[in-house]
Each structure stands twice: as C-alpha cells, then as structure tokens.
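Residue numbers (the UniProt record's numbering): 1 to 317.
Everything below concerns the one structure shown next.
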Amino acid sequence: MLNYKWDKTARLTALLGEIEVLKRVYDALPQMSVVEEKLLRRSLLKSAVYSARIEGIPATEQSPKLEAQNLLSAYRRIFSGGYGDKFSTKLVRDLHTAAMKNLSPGAGEYRNEPWAIYNQAGVAVHVAPPHFRLQEMMDEYSRYISGLYDSTAEKSAAAQFILEKIHPFADGNGRVGRLVSAYLLQTEGYGFKGLLMLEEYIEKHREEYYEVLTPSDDMTGFVEYFLEGVVRQANAGLERLKDEPEDEGAPHLLPRREEILAVIGEHPRSSFDFIHRRFLSVNPKTLNFVDSAGIEPAIGRCERPGIPLTYEPRGLG
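Printed below as a string of structure tokens:
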C-alpha cells in the first residue's frame, strides 16, 4: 500500500494562493495567437532540453540530442491533447515509450530486475520496490493519483515524487516523472499556455531537487519545491509574453515550417545539410519548401561561386 504524505505548511498554502492568482491572470490574458504559438514552441523545446540536461545529457536548443528530441515530441503531444484526459498506467508507459524511443529496447516496459539508487560513496540511498510487484504498485499508483482531491499543483508534485520512488523503469524515470507532472497540470487547466518550463527551474536548482527527493515517504519538501517552481516559472512566462513583439511582417506558416524559419534566423547562411541535421525526423522533401515562394518575404537564397547554396533571413548583406 502506498504510504506517502505531505504537510499543509504555511509556505505551501501561500504558494497555492499565488498559483491561483497567476492562473486567473493567464486566463484573463487577451488572445495573441501568433505570439503564443511562437512562445509555446520555444518553451516546449526548452522544457525538453532542460529535462535531458537534469540527467547529465549535454543537449542544447541548437543541437538537441535524441533524448531531448524524444521529450519534445512527448511535450508537444501533451499540449495538443494527444494523450487524452484520463490518468492511467497505460499513459505512464506511453510517456516512457515516447521518451525512450530508439534509446532503449525496454521502452514502455517495466524493469525486470531489482533496483537501487546509490550516492557518490556507493551507499544505497533508496531501494526501489521489487520488480515482481511493479504491476500491482503501478495500478495502485494510478488509483492513488486519480483519487487525490488536493490541488492540481500538489497532485502533480505527488505524482512525480511517487513515480521516482517506485522507479518502474530501468532508465528514464526522472524524464517520465516530469512528463507526468506536465500532463496533469495541462489536462486540469494549469498549463499556463505551455510557458511554465518547470524543467528550467529544476535544472537551475538541481542540487535542491535531489535533496527534496531523498526522504522516503514525506513529500512536504518536494511539494513546496515544486510549487515554488510553478510560481517562479509562471511569472517568468508572463514576462516573456509581455516582451515578445507581435511579428506582423512574418509570413503565416505551418508550425514545423515556422520552426525551420526560426532556425535560419538564428543561424544566418545555413546550408541545407545544416537544416536537415537539425530536423532529422523530417523528410528531406518537406524541407524543400525553403526554395518555395511560401517564405519568400522572410528568407532568401545566398549563392556565391564555389560556395554551397545557403539560406539567410532577408536583409543580410
């Protein structure tokens, strides 16, 4: 039986109040579809990169590793409603499948051996439940999280903490736990337009993150840490919305094409091979749109004798 708890401290209660105020602010914001879509795509990429970096994977926005590319696909699906609105063990396994695609032959499968987490001195700081009890424990985990009547933010924190303790997979538990939190926040109306980027907060406060994950059954420290991250990142998201100009001169493109255009803007005189490497999952034929009139107002071809064809934003000399 799952036996986890957290205390309703004064700090926790104050943070919950701030989250509710921030939610009302976000809900009252006027629609700025072009700006919001642009920021959402940028935020999801950063969430994926930071989530990978928390685990020591050297990903960057300009050169995301496969781990970050997988996470980006999962975050996009979460924020497009692709995983539905029912929390279940199948959802958790689907998230693991997405996160570990082409990285592990056991993607989406529970571990089949004992597992423990060790500190740098080689001492076991947490012994995960035996593998032969995982199906039973994950079923109980799903019922427990679904049955919580606490706030969405508290539930999202608890879901991440407990999944880390059960450690159902051989690898990728942290990444999946953060995806689960993002899923719960989004499906219960606390997605903050996808601008929360809790992974950035965790990556910047990684030492405290692992410290508050250490207690075996008392989640108080972790829940407070998680709520603090929500408040800080929601405020940061408001600042980004305020500072992002409405780009009236840019052509209206499909999301993937606008991403490619953004890469060219950040890396002037990009070669076709460079663009292709940045979007390995995209069919090269799809990338041929850079030669089409569809983005002619914003991009140009740069042809020089003896130098491969490159692409650059309009206005570069």
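For every residue, glycine included, the Cβ atom is placed at its ideal position computed from N, Cα and C.
Distance, residue j Cα to residue i Cα
i: residue 61; j: residue 52; result: 11 Å
i: residue 138; j: residue 243; result: 43 Å
i: residue 102; j: residue 171; result: 13 Å
i: residue 239; j: residue 48; result: 21 Å
i: residue 250; j: residue 241; result: Any reading at residue 250 is ruled out, since the residue's pLDDT is 48, under 50, leaving its predicted position unreliable.
i: residue 131; j: residue 224; result: 30 Å
i: residue 56; j: residue 146; result: 32 Å
i: residue 210; j: residue 4; result: 17 Å
i: residue 71; j: residue 54; result: 13 Å
i: residue 17; j: residue 163; result: 26 Å
i: residue 15; j: residue 154; result: 11 Å
i: residue 63; j: residue 69; result: 10 Å
i: residue 106; j: residue 99; result: 11 Å
i: residue 108; j: residue 176; result: 10 Å
i: residue 213; j: residue 206; result: 11 Å
i: residue 35; j: residue 113; result: 47 Å
i: residue 83; j: residue 59; result: 25 Å
i: residue 235; j: residue 29; result: 13 Å
i: residue 65; j: residue 50; result: 11 Å
i: residue 231; j: residue 216; result: 26 Å
i: residue 11; j: residue 144; result: 25 Å
i: residue 133; j: residue 110; result: 10 Å
i: residue 37; j: residue 96; result: 26 Å
i: residue 104; j: residue 67; result: 11 Å
i: residue 218; j: residue 165; result: 11 Å
i: residue 80; j: residue 123; result: 42 Å
i: residue 31; j: residue 76; result: 20 Å
i: residue 27; j: residue 33; result: 14 Å
Burial state of residue i, where buried means 16 or more other Cβ atoms lie within 10 Å
i: residue 190; result: buried
i: residue 180; result: buried
i: residue 314; result: Residue confidence is low: residue 314 scores 49 on pLDDT, short of 50, so the model does not pin down where it sits. Its coordinate-derived value is still stated next. Exposed, since its Cβ has fewer than 16 Cβ neighbours within 10 Å.
i: residue 178; result: buried
i: residue 1; result: exposed
i: residue 194; result: buried
i: residue 158; result: buried
C-beta contact flag for residue i and residue j at 7 Å
i: residue 222; j: residue 161; result: yes
i: residue 19; j: residue 183; result: no
i: residue 237; j: residue 192; result: yes
i: residue 13; j: residue 85; result: no
Residues near residue i in its chain [Cβ-Cβ closer than 6 Å; skip 5 each side]
i: residue 233; result: 196, 197, 198 and 201
i: residue 156; result: 181, 184 and 185
i: residue 167; result: 115, 128 and 173
i: residue 125; result: 117 and 119
i: residue 227; result: 15 and 153
i: residue 121; result: none
Cβ shell of residue i (< 7 Å), same chain only, five flanking positions each side left out
i: residue 208; result: 225
i: residue 88; result: 142
i: residue 220; result: 6, 7 and 9
i: residue 73; result: 98
i: residue 46; result: 61, 197 and 200
Cβ-heavy atom distance, residue i to the ligand FAD, below 6 Å
i: residue 207; result: Absent from the structure shown: the ligand FAD. Ligands present: none.
Cβ pair count under 8 Å reaching 3, the stretch 42-52 against the stretch 7-27: Under the three-pair Cβ rule at 8 Å, the stretch 42-52 does not count as touching the stretch 7-27.
Check whether the stretch 125-144 and the stretch 86-101 are in contact - that is, three or more C-beta pairs closer than 8 Å. Counting Cβ pairs under 8 Å, three or more are found: they touch.
Stretch pair the stretch 198-218 + the stretch 147-154: three plus CB contacts closer than 8 Å: Fewer than three Cβ pairs drawn from the stretch 198-218 and the stretch 147-154 lie within less than 8 Å of each other, which leaves the two stretches out of contact.
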